[in-house]
Each structure stands twice: as C-alpha cells, then as structure tokens.
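Chains as they are written, first to last, in our numbering: chain A, 1 to 724; chain B, 1001 to 1560.
Just so it is clear, CB atoms sit at the ideal spot from N, CA and C, and this is done for glycine as well.
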Amino acid sequence: MYSENVPRHCFTRKDLILPFFFIKSMYRSERQFRAIDFRERNNASEDSELRFVTCQSLWNQIKSETEQIQEDLNKQLFDNLLSFLRRSHSEFQEKTTEWTCQMKSREIPTAALVLGVNVTDHDLTFRSFSEVLQNNITPYIALLEAKDCPDIKNLMQKLMGQLMNCYIDVDSLEDEDSVQVSQNRIRCSMTSLINWYENVTKKTDSETPSKKRTSSCRHWQSPPVVVIFKDMESFTTKVLQDFIVISSQHIHELPLVLIFGIATSPMIIHSLLPHSVSSLLCIELFQSLSCKEHLSTIVDKLLLTTQFPFKLGEKVLQVLINIFLYHDFSVQNFIKGFQLCMVEHFYSQPLSVLCCQLVDTKKRVNSLSHDQCENIRKLPSFRRYVESQVSEKQIALLTADNFLKEIIQKLLEDLHVYHENYVSVLRCLHVFTSSLPKYPLGKQIRELHCACLENRVWETEEYESSLQLARMLNKSDLVTMLQQCVEIFVSSSGKEFDKTVEKLKEFLTQFQKLEVAEAIQERDVSVSSQKELQKKTDLYHLQKTLLELKESRRSKKLTKFEMLRFEVVDYIDSLVRTYLVPADHKTLHEIVYFNTASVLRGHLNAAPRIALHTALNNPYCYLKNQALKSDGGSISNKAPDICIVYKLHLECGRLINLVDWLEAFSTVVMAVEGPNADAASSDQVDDIIHARFIRAVSELELLGFIKPSKQKTDHVARLTWGAC
Amino acid sequence: MSQTEGKGSGALQVKFVPDEEVLKHIADDSGIKVRKDKTQQMVNVKRFVKKLENISDDEDQEILEEKNYVAVLGICAQDSMGNGSSVSGGEVYSFQTPKRSSKMAELASELAQTPGQSVASDHSKCPEKTAKTPQSSSNKKKEFVSTTPYRLRKRLAAPDLYLESESEYSASCSEEEDEEDQKEVSTVLSGQKTPAKTKAASTPPPRNNLGKKNKEDKMSNLVEEYFEAHSSSKVLTSDRTLQKLQKRRLNQQTLHDLLKKAPLAYAAEIKELNQQHESLFSKWMLQMHLGFNIVLYGLGSKRDLLEKFRTSVLQDSVHLVVNGYFPSITVRSILSSITEEVLDHIGTFRSPLDQLEFIIKRFKEDSSLELYVLIHNLDSQMLRGERSQQILAQLSSLPSIYLIASIDHINAPLMWDQAKLSLYNWLWYETTTFSPYVEETSYENSLLVQQSGSLALSSLTHVLRSLTLNARGIFRLLAQYQLENKDNPSYPGLSFQDFYQQCREHFLVNSDLTLRAQLTEFRDHKLIRTKRGADGVEYLLIPVDDSTLTDFLEKEDEDV
C-alpha cells in the first residue's frame, strides 16, 4: 500500500505507442480474439478453432430462432395494441373539432399492458414494440423509466428530449442544416411540446409534399404521440398524477396515448391513482403471453427438436428450469443459461467438434486426428459399446482409427435417428399423460422430458400409475388422443413410424366399429331383457334371473371396448419402451449432451456466503494440508488466523470485548507455537501476534461479520446472528 | 395470500393483491381440474418432481418440492473448486447464539490445550458440558466466569499481572445481575435444545402435515429466541479495555512491518489454489467476449489474482483498474477516467447520467472500441449504493465493455435486484485464495490501528499551499490555539470575536469582513467547522485530530 499511497485509484493503461495500438486492436477482429482464447487451453489437435466456429454458428442460429419465437408470440399482442392506437385518435385525424368530440377527448386513451413479473424480459418486449410502432404508426415515441423520473420536471425533460431527438433524426435525413433543437434551451413545458408538435406536423404537411406521399403510407399526417411508462409500479404517484392531469388539459391539441407497463396486476392503476385522476384515462387492458408459456415454446423449439445438434442433460435442464421457476421467471436468463451451457460444452469437451449438423459429420469424422480418436475411446459410453462387441471387433475398434471412424459415423447417425424418434414418441406420450387426473408425470412436456432423460421412465412409479389411469380413459378422450398421436407421427421426420401410424389408424377404425356395434347391441340387450321380464312374471324365475345377473356382473367379462383400450395402452407402452431410452444409455451421448450441472449452477446461481462459511469453518476444503484436517464441525488450532478469530467470535453474543478476544487468540496461537515460544515470550512475539490479530479482525470487518461499536469502549458488534 | 390478511394493519404498507392474481402468476390458467372419480384412490399420491403448477393443491406437495429443489440445486460439485456448495443454507444461517462471555476463553483454552489435533470445539454439540452450567446458581456462575480467564492467564504468563486484582466481570447494570443470569440460564437451556432441532431440520423434511407443523413451530421458536436476545440493550461483557493492556496502539506502518516478519501460513497451498484459478484466465476472456461479465467471490484477497490476470492477459488492451476499496473513490471518477483517458474527451458533464449516456453513445458508434474494466471490491462502501451500482451495471451491459470484479462482503449480493443482475449478466466464479487482505484493509479505519491521518494531512497541506500567505497565517493561528487547548475536553472552539482580535494583532486581516471571506473559503474546503454555542457565539474548530494537526504545524515550520 505504501507504494501506492498517493494513488490515482482508477487508472487506465494504454500502450505508450498509442496510435499503433489502436490500429492493432482494430485489425484484430473479435472473432480471432475469441478463437485464440479457445486455443490457449486446448492444443490444436483438438480442433479448438473448428469447435469455436461451430459453437458460434450454432449459437447464432439459436439466437435468431429465439428472436423469431419471441416475435411470433408477441405478434398477437402487438396487433391488438396497434389497432388500439389507430382507433384512439381517429377523431383527431379527421380534425373534427366539434364540441361533443372535445368533451369526450378529455380522456387520454391508455393501454394497460400486463406483462408479468419477469421484469428483465420487458425491456426486449418494449424495444421490439417501439420498433413496430415506429414502422407502423408514429415516429413520436418516448420510453420512460421510473428511475429517470424522480419528479415531473425530469419526466418532462426526458420526454421532450426523446421526442425531439427523434424528430431531429427524421429531419436530418431531409436536410442537414435544420435547426438543432437542444432540449436544454427549450423550456420544458407542455406548451413548448405542443408548439413543437404543431411545427412538426405542419412541416410535413406543407413543406415536403413530395415526402408526404412516402411518409403518409407509413404514418398519418398527425400521428399520435406515444408515451410508454415501462415500469408503472415504480413511478411515484405524484409524478404520474401530475403528468396525467396536465396532459389531459392539452389532449385536444396533442394526440397523446399512454402505455403503462404493468408487472403485477391491473388493479395497481386504481391503487396508484385516485379516482379523480384515473377518470381522466380511458383504459384498455392488454395481456401479454405468460412467461411460462413463453418458456414452454422455447423448450419446445430449442430442445425438443432435431434441428440443433446440441442437447442438455437432465440435471442441467433441471437447474435451468429451477432458476426460472424459483428465481426470476425470466426467459432471457433461461436463454443465457442455455448459451452458457453451449459455450461450456464446446470449450471443455474436445469431441464436441462432432456436435454439428448431420451433413457435416462425415467430413469431420474423417478428419479426426489420432488424439481425438483416443479421446473417443476414452468415453465411458463408447467403452460400454466396445465391451458389448465380439472380441475381433473390439480389437479393431481399439486399434484401427479408420475402422473406428466408420463406426463413429454410424453411431452418430444412430444417435440422430434416436433423437428424431424420441421427440415424436415423447410428444405422443405427453398427449396421454397431460390429460390424466393429478398429472402423475407432470403437466408440461418439459417435466416429462426430464423424467425420460433421468432414467428409464417405464420403471418409475409415476409411469405405472399413469398407465393405470390411462387404462380408465373414456372412449371419446382416447379417440381424440389417438388422433393427435397420428398427427404427431405423420408430421414427424422419423422414418420408422409408418407402421406405427398404420397401427394407430387401425385402432381408430376399430373404435369406430365398436361404436356402431355397441349401439346395435345395446338396443338388442334392452329389447331382449324387457321381453324376458314381460314373459316371466313369477317370483321364482325373477329371483333366478336376478341371481344370474348378479353372477355375471361379478365375473364380468371385459367388454370389447375395454379390451381394445388395454391394447392401445399396451401399444403406447411398447413404443415408450423402445424409443424413450434415456440418452445416457446411448453410445457417444457425451458428444452432444452437456451434463455438468454443477458448473452451470456454480456460475449462474452461486452461493458466496456458503463459500465463505466453508472456507472459515473448514479450511481444509481449500488448503490441502494434513495439519488442517479435522473432524466435521471443528477446526484445528493451526488454521489460518482469520479462521481462528472467526471461530472465537462465534462464541460471543452481540458485543465482543476486543481484549478478551485478543487474549483468547494469543492463547491459541501461542499453544501452537509450542513451549519454546513460551520461554522466549518477548515483546517481539507478542507484537507479532497482536499485529496478526489486528489483521484478522480488520479482515472480518471487511467481510461484514463485525463492525466497530460505540456502546462500550473497545468493543465490536457482531453483525451475524448465530453460531455454528 | 398472507397479503390479504395483513391489509387491515395500518402500520404496514401492504397492498391488496387478490389470490387469483397471485395464482395466475404461479399456476397455469387452465388451473387444476381434479376429476372426482374413483381413480383418485388408486393414484399413488406421490407426485412427480417440481410441479409448481400444483402448488395450491396439497401442502405436503410443497414440502416435497422444496426438498427436490434443494436436492437438485445442491448437486454437489465433483471438482475441487466448488466444494463450498456442499453446505446447506441452514448451517450457515443458524439462529443459535451462545451468550456466555466466557465461552470464547473456554474455546481458546481448549484449542490451546490440544495442540496438533482437532478439538470438538462446538459447545452446543457436547450436551454434558452445557448441562452443567444451567444448574449453577448465579453465585456459582460468577465463580465459573472468573476462573476461566485466570486459567488462561496462567498459561499466558503475560505481563499484565495487575489486571488480576481488578474485578473481571461486571454487568453493565449490576442490580439486575441476578435477573440477567437467569436469562442466561434460559438461553443456555434453549441453546441446548436447538441442536436437536437443527438435526431434525437437516434430515429430509417429512411429507405429512405433521412435519410441516413441526417446522413452523421451530421457526417461531427461533424467532422468539432472536428477539429475546436482542430485546435488552444491556450486554454482558467484561470491562477490560485495551489501554489497561499496556499495549501501545500500532500505527499502519509498524503493523505493516510486523506482519511482514510473520511468515505467511500455508504459502504452498495458497499458491496451489492460485494456480488453479489462474488456469481459468483464458476461459474468463472467452466468456467476457461472449457478453458475460465475471464476478469473483470467496475468502481471501482477490487483488493479486486480478492483477495477475491484468498483467498476463490484458497487456495489450485498453483497460481500467478501479480500486474500489479506496475510501474516496466515486462512480464519477470512474466515469471521468473513461471519458478522459479512454475516449480522450475533454469537457465536463452535468451529471453522471449524462456522462454515462455519452459513453454509451461513443461505444455504440465505434465498434472497434473495447475496454476492460477491473474493479477490486465492487461492494466497497463507496460503490455499493444503488445509484452507483445502477450506473456500473449499465456500463457493464455494453457489449464492448468487459467487466471483471471481485466482491467480499457477506451481503454483497443484496446490492443487486433482478434488473441489475440482468444488466450485469454475471458469471460467478469462486476464487478462494486465503491470501490476506493487505491493501483492502489498510484504508479501513480499523479500531485497533492508530490512524496516522496521512490522508487528512496531505489534503490539509494541499489546500493550504494554494492559499495566500495571510490565509495560511490565519489557519495557523487557529490550529495553534486548538493545540494549546487540546487537554481541555470541553473545549468548544475559538470564538469568532477572539479570533478576529488575534488576527488583527498579527496584522493578518484588517476587517471583520475579510476574515469572514477567508473563513468561508476554509469552510468550503472542509478545513474548519463552525458551531454555535449556547450563548449564540460562533465557535470555530478544525475537525482533525490533534496528532495530525501537530504534524501539520511541524511540516509548515519546516517549509517556512
């Protein structure tokens, strides 16, 4: 510290030859940079560059896919909003300034947009929404966030800044030397806003008639001004009220539309705004898609597809889903986690070079180096495969690289086919299980997917009970399910399902036949029984028939329908058993599956407090020294100073006497140093111990375990509660 | 649902959120249709994992889910780096605090008595020991308390013999001693109870409702204990102070020197740890380039590690190092160093937000600009504020700014809400180094370290050097007067009239007004403080401790 005692505590370092440096950094493109990072750890034999390129291209695909999904999901909502905006100021468009209209238009048209609790995703939604708006309705959009608007003045400033900037942007395309309006010079008031608006609309009206043609196809002559409150809940009530009251005064001069982004529930508008204010709003409610549906779509499109070769293992998926469900409900974070998985996989698994589209695999397999072949031979799943082969083949697999490559190619194709079949059968099974009461296998397909990845699903209790339930389905349900299954199989890319489809169709026709037959039978039965009853009226016979009936009911034979139902369920069961084998039973699954959930969890959902706790209580976890080894719950007295000091402080209450603490510490430390220290208990040693104590205590203070207290002299206060 | 209950209480700000709304967030819209038929009996009620959708359905389900959640998240790491995760949260955030003041000494002696081997240190774990204490009357208790330190002192053979004659132990309020002792007994008793309970908690929670009830009971019990322990403001500790210890206060310099002499324990192991972390450097670079930011946590100073990262990887790139632990660092200074040194922009900004906007604009315009930001102690006093974190988070969310930071405080993650977390886009790395926090703690105003006041001193000299000779003289007069009165504990400061008189005598000012103008300048630089006394007279004071002031005067004398 003394070397840096008069420091600039914030310093940059550039190379002295500055221009040279910048040139260097300009030409060293980002891509090269990252590839270098990849290579640094892995030697070239492991195709690090190729891996990196694969990873990047795959990620780009996935990214665009997710964006597409997001767009599709939001389309409905945006369409509704757009039509609302068009509707809202149609009167203003027509410039009908009649009194009745004016009276009505005291109300500001407002859209309440309920977006759900996943606040982090809202940003993206708003961004794409304002893009859509810009393209379709109006260039005048202001996005306001609560943190920028502590009071009405800031709000107006921000609002005008955004509106006028956008105006400048539009204008600068036309002529560069137009007056640059600086928000600082204009007084921020509603009047100046209105003046600005009039200017702008007039300008486009009169000055550029040629432009008008082009612009009017996108926007109207006087497009509405849209103000979006991104996080309505966090705005202060006062600001919102003031803004609404003020702008409602000017609504017939300025076609304003408000959009509230709401995370909780629409009730919040009424609890935030008093009636007098909320009556100035003409609110229409819009509901965005729930984040869970969004996640389901993402899972559906990213994981349950053969489009992307990269797959998530069961534990990893579980961690990601748990973070989603228990922490943030954020789809964006889920996708980020997915990205991290990919990067980790391609970074740490040298064989991930084979994790690519099927068309590329052949080339890549052929170009595998000897080292990579060895890597493959080391894979546990491959070993299992080798052991199951005959001995000559075993030798060939383990020695001849070329033979190995052929086999790898075949195995990878197998794996691909497995995935194709897996997805279809999984969907089919989901059709059955998702409608069972109590959902023994989960309601969402992702739960079913996890269960199937985890272990053989047919061995689980839940599967057993769901089959039992499925055997009790009624006919109409069963038929619709079968129809759905047929659709799934027909649309699937798997080639093996022709037979399955036929079989299922056969079932369906049988059911239809059954229906007809039953109808006839029923009529027969009822008629005959009635006849019988009419015929035999004496008591004896009646008794007899009743007994017979009872008998027949007890040893009731299965009806045809029940038989058929069993057959169907058994068939589905057989499909499950053949196709839903867990992935880690498959050879070479390590290439495409990312399974190290602990890494993922450590990076995304870390527990810093627990790490500190472990380090302080059990330093042996980190410092592998025999002297530190101890039984659970206690520490050795040779532990680092801070551990001893920490352990001692745990024995205290709210306040700690420093003298006592120091004494206890020195007792421990002196004992470790042994009898010779006792003999030479000079001031020197004492001072060193004192200094060590001071350091340890100030470290604890830095970590936030204690703080100085003025309650009593030479005391510190404990900030944590509890001992361990 | 508890929200609806709390609606009535006026003190709490609870908003009404209807159950349906809450449910809608949690459950699927389709809801749970439980078919009423005989199948229900056949279905084994044991459910499949983690169905949040059904949370409203059964209560036992909740517990099962909770367990599963813990199980899944608690997947123990196989690698050596993540072995911190094996501890469950209940162990870290336990609620029992033994309150006896002698405990520490007892533990110390125990640790000392058995050198070389581990000690069962935790008293709550050996019930026979704790069982002894509660039976003892308050009389016995005292005896017990005083003996332990005595035993200690014999072992110490320390020079502080005179301490023995004094009463060791006094409550802050003596007439209530009995009562407090009794309270102590009760806490010890309850402390004895709790281990058994925590053990129950560590076993998987039972699935039935009974288990849940138990858990609730235990929770409320713990809560009561907590408030009981914090209810009285009196704390029972010994009255000894450092002054009586005849140990001089060390200043930073001597402390530093002494610590240099003390060998670093387990240097080899620490080095090994560091090497493990250093192997991650290229990975960090990769991940930063992919849009993530890195945060390091774990015990031990991460300064050297980051420094090594900087020198080995960032040699030829533009980077900014922020020493967050420095007591006067501000976000503004960070932003200014970016605008001035990286963007070569000369000019001022009205607010940090404007500055941030400028930076964001520049970085978006010029895609070739790249900047690495290293922040030591992102959780330091000065940076942990909400606004600073918001600005830093926004900065870090830029695609061409790569942030790598370290945190140390146990509550550091509380700085970030969901929005900031998503801006930061952290990847957490556990880097426990066990190396001492040398730099980080050197600025801390530690209780045991005598403040050298070098900072205050340098700021004093800096400001004064820019002033006129007369102004310096004025300040000198005030300083001298304050030093003359340093033994007077109730010294209120120099009154303005007296001061004016003295200044006139030294021909430093010629009017009341000039002195006032001068004083305003001092006040702006925080060199003096004015206080109005009880009689309405203005008193002037230099808010610096006496030793610093003496140093300052000596230095001034040298200069003259």
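Residues of chain A with CB closer than 7 Å to the CB of residue i, please, in chain order.
i: B/E1505; result: Within chain A, no residue comes near B/E1505; the closest Cβ sits about 37 Å away, beyond 7 Å.
i: B/E1440; result: L702
i: B/L1104; result: Here residue 1104 of chain B is Met; the residue named in the question, Leu, does not match the sequence. Going along chain A in sequence order, the residues near B/M1104 (Cβ under 7 Å) are L648, E651, C652, D660, W661, A664.
i: B/L1255; result: A691, I694
In chain B, what lies closer than 8 Å to residue i by C-beta?
i: A/R565; result: Residues of chain B passing the Cβ test: none, with the nearest at roughly 14 Å.
i: A/T125; result: Under the 8 Å cutoff, chain B gives no residues; its nearest Cβ is about 13 Å from A/T125.
Nearest-angstrom Cα distance between residue i and residue j?
i: B/N1323; j: B/L1353; result: 21 Å
i: B/L1383; j: A/E461; result: 53 Å
i: A/L702; j: B/D1408; result: 7 Å
i: A/A111; j: A/F126; result: 13 Å
i: A/H270; j: A/S278; result: 7 Å
i: A/R34; j: B/N1221; result: With a pLDDT of 48 at A/R34, under the threshold of 50, the predicted position of this residue should be treated as unreliable, though the coordinate-derived value follows. Roughly 55 Å separates the two Cα atoms.
i: B/R1476; j: B/I1329; result: 30 Å
i: B/Q1389; j: B/P1327; result: 16 Å
i: B/A1071; j: B/P1413; result: Caution applies to B/A1071, whose pLDDT of 47 falls short of 50 and renders its modelled position unreliable; the value that the coordinates give is listed next. One C-alpha to the other measures close to 23 Å.
i: A/F243; j: A/H89; result: 19 Å
i: B/R1303; j: B/N1377; result: 9 Å
i: A/K550; j: A/Y422; result: 47 Å
i: A/Q134; j: A/N165; result: 14 Å
Starting from the beta carbon of residue i, find every residue of chain A whose beta carbon is closer than 8 Å, and list them in chain order.
i: B/S1406; result: Near B/S1406 there are no residues of chain A at all, since even the closest Cβ is about 11 Å away, more than 8 Å.
i: B/R1240; result: N657, V659, D660, D714
i: B/K1271; result: Near B/K1271 there are no residues of chain A at all, since even the closest Cβ is about 11 Å away, more than 8 Å.
i: B/N1425; result: K336
i: B/K1261; result: I688
i: B/L1356; result: Neighbours of B/L1356 on chain A: none; closest Cβ ~11 Å, over 8 Å.
i: B/A1393; result: What B/A1393 touches in chain A: nothing, since even the nearest Cβ is about 11 Å away.
Below 8 Å on the Cβ atoms is my contact criterion, and I expect residue i with residue j to pass it. Report the Cβ-Cβ distance as a whole number of Å.
i: A/T237; j: A/H419; result: Actually they do not touch by this definition, with Cβ atoms about 54 Å apart.
i: A/H649; j: A/F705; result: 7 Å
i: A/S741; j: A/T120; result: The question about residue 741 of chain A has no answer here: the residues shown for chain A are numbered 1 through 724.
i: B/A1471; j: B/V1295; result: No, B/A1471 and B/V1295 are not in contact; Cβ-Cβ is about 48 Å, not under 8 Å.
i: B/L1494; j: B/Y1429; result: That belief does not hold up - the Cβ atoms of B/L1494 and B/Y1429 are roughly 56 Å apart, past 8 Å.
Note down, in chain order, every chain B residue with its Cβ under 9 Å from the Cβ of residue i.
i: A/L612; result: G1084, V1092, Y1297, G1298, L1299, D1408, I1410, T1432
i: A/D328; result: Q1418, L1421, S1422
Residue range of the alpha helix (DSSP H) that residue i falls in?
i: B/H1409; result: From DSSP, B/H1409 is part of no alpha helix (DSSP H); its letter is neither H nor E.
i: A/G602; result: 597-604
i: B/L1273; result: 1267-1278
i: A/F129; result: 119-136
Along chain B, in chain order, which residues have C-beta atoms closer than 7 Å to that of residue i?
i: A/T120; result: Q1418, A1419, S1422
So the beta strand (DSSP E) residue i belongs to, where does it begin and stop?
i: A/E461; result: Where A/E461 is concerned, there is no enclosing beta strand (DSSP E), although the alpha helix (DSSP H) it sits in stretches over 461-470.
i: A/F229; result: 225-229
i: A/S709; result: 706-709
i: A/E284; result: 281-287
i: B/G1561; result: Outside the displayed range of chain B (1001 to 1560) lies residue 1561 of chain B, so it cannot be described from this structure.
**Study point:** Segment contact, 8 Å Cβ cut-off, at least three pairs: the segment 476-487 of chain A with the segment 341-352 of chain A
**Key:** no
Practice item. Please confirm if the segment 379-389 of chain A is in contact with the segment 68-80 of chain A, defined as three or more CB-CB distances below 8 Å between the two stretches. Key: In this structure the segment 379-389 of chain A does not touch the segment 68-80 of chain A; the number of beta carbon pairs closer than 8 Å is below three.
Practice item. Would you be able to state if there are at least three C-beta pairs under 8 Å between the segment 590-609 of chain A and the segment 440-447 of chain A? Key: no
Check your understanding: For the segment 191-198 of chain A against the segment 244-257 of chain A, are there 3 or more C-beta pairs whose distance is under 8 Å?
Key -> Yes, since at least three Cβ pairs between the segment 191-198 of chain A and the segment 244-257 of chain A fall closer than 8 Å, the two stretches touch.
Exercise for review: Mind the definition here: the segment 290-302 of chain A touches the segment 322-336 of chain A only if three or more C-beta pairs lie below 8 Å; say whether that holds.
Suggested key: yes
Check your understanding: Quick check: the segment 1459-1466 of chain B against the segment 1497-1515 of chain B, are there 3 or more CB pairs under 8 Å?
Key -> no
**Study point:** the segment 1356-1366 of chain B touching the segment 1306-1319 of chain B, judged by at least three CB pairs closer than 8 Å
**Key:** Result no; under three Cβ-Cβ pairs closer than 8 Å.
**Study point:** Meets three-Cβ-pair contact criterion under 8 Å: the segment 1416-1426 of chain B and the segment 1389-1397 of chain B
**Key:** yes
**Study point:** Sufficient close CB pairs (3 or more, under 8 Å) joining the segment 610-627 of chain A to the segment 490-509 of chain A
**Key:** no
Check your understanding: Would you call the segment 564-574 of chain A and the segment 1369-1379 of chain B touching, i.e. three or more CB-CB distances under 8 Å?
Key -> Touching, no.
Point to revise | At least 3 beta-carbon pairs within less than 8 Å: the segment 450-470 of chain A vs the segment 429-440 of chain A | key: yes
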